[in-house]
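In my numbering, the protein residues as written are 18 to 316.
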């Protein structure tokens with residue numbers, strides 16, 4: 018009887034400590050999301066709405082940066098994750114339509130959102146992968162803004178993103194990038210023009226977005242916070258694709274088939290990346306050949 022009573026006391030203490038820890042985690046993450054943040058002075062971008070800039074912005078938004086992958090083909094927002102206890106992730110309506118946010122953002126605010134992960138209200142954006150976009154060149158950011166400014170309005174009010182306890186724990190333990198603002202060197206200077214041609218340097222510039230799924234070291238593994246039906250990201254270091262030729266790589270992205278004929282999951286947005294130019298795809302291939310080979314699953 019004594020041991021039964023003792024076990025009950027230990028269980029109650031454990032539950033109380035667990036509840037306290039969860040409360041602390043919840044409150045800390047809530048503060049992180051709601052706190053005001055600042056940026057160093059930024060030079061104003063020159064945004065032109067000429068046809069060349071808009072076309073370049075469209076290419077970046079649809080084939081390179083993955084804007085349409087999260088915000089929808091019409092950029093009107095959509096729900097991309099809805100897992101109880103984890104999160105409901107609903108990227109914003111990026112148009113001037115009802116429920117859209119574009120009318121509230123001037124060009125400087127859009128640059129802050131893209132490069133720095135800061136909303137127009139001065140708070141950090143959640144899950145906006147600005148740590149992958151912080152090194153975008155001035156001409157590319159300006160082109161993206163030009164494209165957004167010329168998109169037709171979409172009337173769609175999205176439900177708010179909600180962050181559940183599991184996602185909060187993953188964020189606190191560093192497994193999930195909830196607040197990209199905290200991972201960016203906001204004082205780092207930006208280049209005026211993006212690299213061009215076929216080179217590993219150009220590929221490194223383009224491949225920053227690959228790290229969101231494949232991991233900072235590009236070695237793949239389970240994607241933190243992803244729905245249970247998401248397959249693990251593949252290893253795209255030389256360990257995983259080192260035997261592929263340039264043609265194998267380009268063909269895989271263009272057709273969604275690996276050299277052995279196996280299909281690439283549509284969770285990997287290859288249909289978007291298929292619209293990259295040959296120079297862009299070959300540059301990414303050159304870059305991936307230079308990264309260290311790593312064991313699969315280390316991200």
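Built from N, CA and C at the ideal position, the CB exists for glycine as well.
No experiment lies behind these values; they were computed from the predicted model shown.
Residue i, buried or exposed, once every other Cβ within 10 Å from all chains shown has been counted against 16
{"i": "residue 45", "result": "exposed"}
{"i": "residue 318", "result": "Any property of residue 318 remains undetermined from this structure, which presents the chain solely from 18 to 316."}
{"i": "residue 40", "result": "exposed"}
{"i": "residue 174", "result": "exposed"}
{"i": "residue 68", "result": "exposed"}
{"i": "residue 59", "result": "exposed"}
{"i": "residue 136", "result": "buried"}
{"i": "residue 17", "result": "The shown model of the chain, from 18 to 316, leaves out residue 17, and the question about it has no answer."}
{"i": "residue 191", "result": "exposed"}
{"i": "residue 110", "result": "buried"}
{"i": "residue 211", "result": "buried"}
{"i": "residue 128", "result": "buried"}
Residue j beta carbon less than 7 Å from that of residue i
{"i": "residue 141", "j": "residue 196", "result": "yes"}
{"i": "residue 231", "j": "residue 253", "result": "yes"}
{"i": "residue 102", "j": "residue 183", "result": "yes"}
{"i": "residue 74", "j": "residue 160", "result": "yes"}
{"i": "residue 170", "j": "residue 112", "result": "yes"}
{"i": "residue 310", "j": "residue 233", "result": "no"}
{"i": "residue 167", "j": "residue 64", "result": "no"}
{"i": "residue 235", "j": "residue 308", "result": "yes"}
{"i": "residue 237", "j": "residue 250", "result": "yes"}
{"i": "residue 289", "j": "residue 130", "result": "no"}
{"i": "residue 215", "j": "residue 296", "result": "yes"}
{"i": "residue 89", "j": "residue 226", "result": "no"}
{"i": "residue 78", "j": "residue 164", "result": "yes"}
{"i": "residue 198", "j": "residue 139", "result": "no"}
{"i": "residue 244", "j": "residue 100", "result": "yes"}
{"i": "residue 172", "j": "residue 114", "result": "yes"}
Three-way DSSP call (helix, strand, coil) for residue i in this model
{"i": "residue 119", "result": "helix"}
{"i": "residue 270", "result": "helix"}
{"i": "residue 171", "result": "coil"}
{"i": "residue 236", "result": "coil"}
{"i": "residue 311", "result": "coil"}
{"i": "residue 102", "result": "coil"}
{"i": "residue 53", "result": "coil"}
{"i": "residue 141", "result": "strand"}
{"i": "residue 80", "result": "helix"}
{"i": "residue 280", "result": "strand"}
{"i": "residue 179", "result": "strand"}
{"i": "residue 135", "result": "strand"}
{"i": "residue 250", "result": "strand"}
Own chain, CB closer than 7 Å to residue i, minus 5 neighbours either side, in chain order
{"i": "residue 87", "result": "97 and 108"}
{"i": "residue 221", "result": "304"}
{"i": "residue 132", "result": "147, 150, 151, 153 and 158"}
{"i": "residue 124", "result": "62, 64 and 162"}
{"i": "residue 247", "result": "240 and 284"}
{"i": "residue 145", "result": "130, 134 and 197"}
{"i": "residue 156", "result": "209, 210 and 211"}
Cutoff 6 Å; reference residue i; Cβ partners in own chain excluding five residues on either side
{"i": "residue 224", "result": "301 and 304"}
{"i": "residue 181", "result": "102, 103 and 104"}
{"i": "residue 95", "result": "89"}
{"i": "residue 281", "result": "273 and 287"}
{"i": "residue 49", "result": "196"}
{"i": "residue 293", "result": "80"}
{"i": "residue 275", "result": "269"}
Spatial neighbours of residue i in its chain, beta-carbon cut-off 8 Å, leaving aside the 5 residues before and after
{"i": "residue 54", "result": "135, 139, 140, 141 and 198"}
{"i": "residue 267", "result": "295, 298, 299 and 302"}
{"i": "residue 92", "result": "78, 84, 85, 110, 111, 112, 165, 168 and 171"}
So, do the stretch 117–133 and the stretch 253–271 have three or more beta carbon pairs nearer to each other than 8 Å?
no
Indicate whether the contact test is met: 3 or more Cβ pairs, each with one atom in the stretch 199–214 and one in the stretch 271–290, closer than 8 Å.
no
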